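Chains as they are written, first to last, in my numbering: chain A, 1 to 117; chain B, 1 to 108. Ideal placement from N, C-alpha and C gives every residue a C-beta, glycine not left out. Please read these numbers as outputs of a predicted model, since none were measured by experiment. Here the structure comes first, spelled out in structure tokens, and everything after it is commentary.
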């Protein structure tokens with residue numbers, strides 16, 4: 001069955017970076033994009049961007065350019081998102097999701113990122 | 001960006017009742033709409049895509065309808081396991097894909 005297994009919760013200091021992973025299984029990894037979505041209580045769900053798992057090409061929501069960097073390791077069927085220059089506004093749950101024709105048919109379990117000094 | 005407005009923000013209903021959640025887009029999204037269910041502490045799960053197509057394994061008591069800028073999710077014969085938050089997402093106009101603010105469904 002399709003599974004997206006994300007890495008564990010992160011506690012980071014302001015100004016630092018974190019890198020979250022998303023390991024896919026149960027399907028041909030390079031046949032689907034992986035997207036990343038941010039969820040906060042105040043802002044709800046926000047689309048960050050996607051990575052073409054075959055070519056490594058990326059596309060970002062303008063709001064997250066310079067904040068998020070998406071990469072992929074095809075050999076391990078794993079997608080990564082690095083968040084840089086962290087501020088308290090980056091505290092959220094971050095999900096990876098398999099993008100199928102622009103909607104998300106399978107999601108990871110989410111990673112809680114807390115930015116605090 | 002296309003704005004997605006969901007209503008109501010919260011809803012209380014009884015077991016066996018029929019529930020309807022609405023989603024309005026700021027412009028025509030030509031049925032490029034998905035609905036997700038998110039149970040407390042869990043990740044969202046796809047229910048409906050293309051406005052009215054049921055995702056694999058989703059119970060038939062869930063249905064989607066609508067066109068243009070107005071869409072709805074209907075839950076027939078509400079079950080206790082349907083207690084969750086529900087979100088709509090448009091995927092007609094990128095960038096970026098955008099979500100509604102969510103509807104929290106509770107049991108009365």
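Where residue 38 of chain B and residue 85 of chain B are concerned, what is the direct C-alpha to C-alpha distance, given to the nearest angstrom?
For the purposes of this step, residue 38 of chain B is taken as the residue at position 38 of the second chain. For the purposes of this step, residue 85 of chain B is taken as the residue at position 85 of the second chain. C-alpha separation (whole angstroms): 5 Å.
From B/12, B/89 and B/67, pick the residue whose C-alpha is nearest to that of residue 47 of chain B; which is it?
Taking the first residue of the second chain as 1, we reach residue 47 of chain B at position 47. Nearest option by C-alpha distance: B/89.
Ignore the nearest five residues each way along the sequence and tell me which others in residue 83 of chain B's own chain have a CB closer than 7 Å to its CB.
Within the second chain, the letter at position 83 stands for residue 83 of chain B. Only 105, 106 and 107 meet the Cβ criterion.
Relative to the C-alpha of residue 6 of chain A, which residue among B/79, B/96, B/43 and B/65 is closest?
Position 6 of the first chain, counted from the start, is the residue given in the question as residue 6 of chain A. Of B/79, B/96, B/43 and B/65, the residue nearest in Cα terms is B/43.
Under a CB-based cut-off of 8 Å, is residue 62 of chain A close to chain B?
Within the first chain, residue 62 of chain A is the residue found at index 62, counting from 1. At least one chain B Cβ lies under 8 Å of residue 62 of chain A.
Suppose the cutoff is 8 Å on Cβ atoms and the five residues either side in sequence are ignored; what does the same chain contact list for residue 13 of chain A look like?
Mapped onto the first chain, residue 13 of chain A falls at position 13. Contacts found: 86, 115, 116 and 117.
Which residue's Cα is closest to the Cα of residue 70 of chain A: A/16, A/3, A/8 and A/21?
The residue labelled residue 70 of chain A in the question sits at position 70 within the first chain. It is A/21.
What residues in its chain sit with their C-beta under 7 Å from that of residue 61 of chain B, if we drop five residues either side in the sequence?
Against the second chain, residue 61 of chain B aligns to sequence position 61. Contacts found: 75, 76 and 77.
Residue 102 of chain A and residue 35 of chain B - do their beta-carbons sit closer together than 8 Å?
To locate residue 35 of chain B, count along the second chain from 1; it is residue 35. To locate residue 102 of chain A, count along the first chain from 1; it is residue 102. Cβ distance not < 8 Å, so residue 35 of chain B and residue 102 of chain A don't count as in contact.
Tell me which residues of the region 81-104 of chain A have at least one Cβ-Cβ distance to chain B shorter than 7 Å, keeping chain order.
95, 102, 103 and 104
Sequence-distant residues of its chain with Cβ nearer than 7 Å to residue 58 of chain B (five each side left out)
Along the second chain, one-based indexing puts residue 58 of chain B at 58. Counting only Cβ-Cβ distances below 7 Å, and skipping sequence neighbours, we find 47.
Residue 78 of chain A: buried (16+ other C-beta within 10 angstroms of its C-beta) or exposed?
On the first chain, position 78 is the one that residue 78 of chain A refers to. It counts as buried.
Where does residue 7 of chain A fall in DSSP's three states?
The residue you call residue 7 of chain A lines up with position 7 of the first chain. If DSSP states are grouped into helix, strand and coil, residue 7 of chain A belongs with coil.
When DSSP labels each residue in this structure, what does residue 40 of chain A get in the three-state scheme?
Here residue 40 of chain A refers to the residue found at position 40 of the first chain. Here residue 40 of chain A sits in strand by DSSP.
For residue 48 of chain B: DSSP bridge partner residues:
What you label residue 48 of chain B is simply residue 48 of the second chain in a count that begins at 1. Per DSSP, B/35 and B/54.
Would residue 46 of chain B count as contacting chain A if we go by Cβ distances under 8 Å?
What you label residue 46 of chain B is simply residue 46 of the second chain in a count that begins at 1. Interface residue, yes.
What would DSSP say about residue 30 of chain A, mapped onto helix, strand or coil?
Looking up residue 30 of chain A in the first chain gives position 30. Helix, per DSSP.
For residue 101 of chain B, which residues of its own chain have a beta-carbon under 6 Å away from its beta-carbon, when the five flanking residues on both sides are left out?
Along the second chain, one-based indexing puts residue 101 of chain B at 101. Excluding sequence neighbours, residue 101 of chain B sits near 6.
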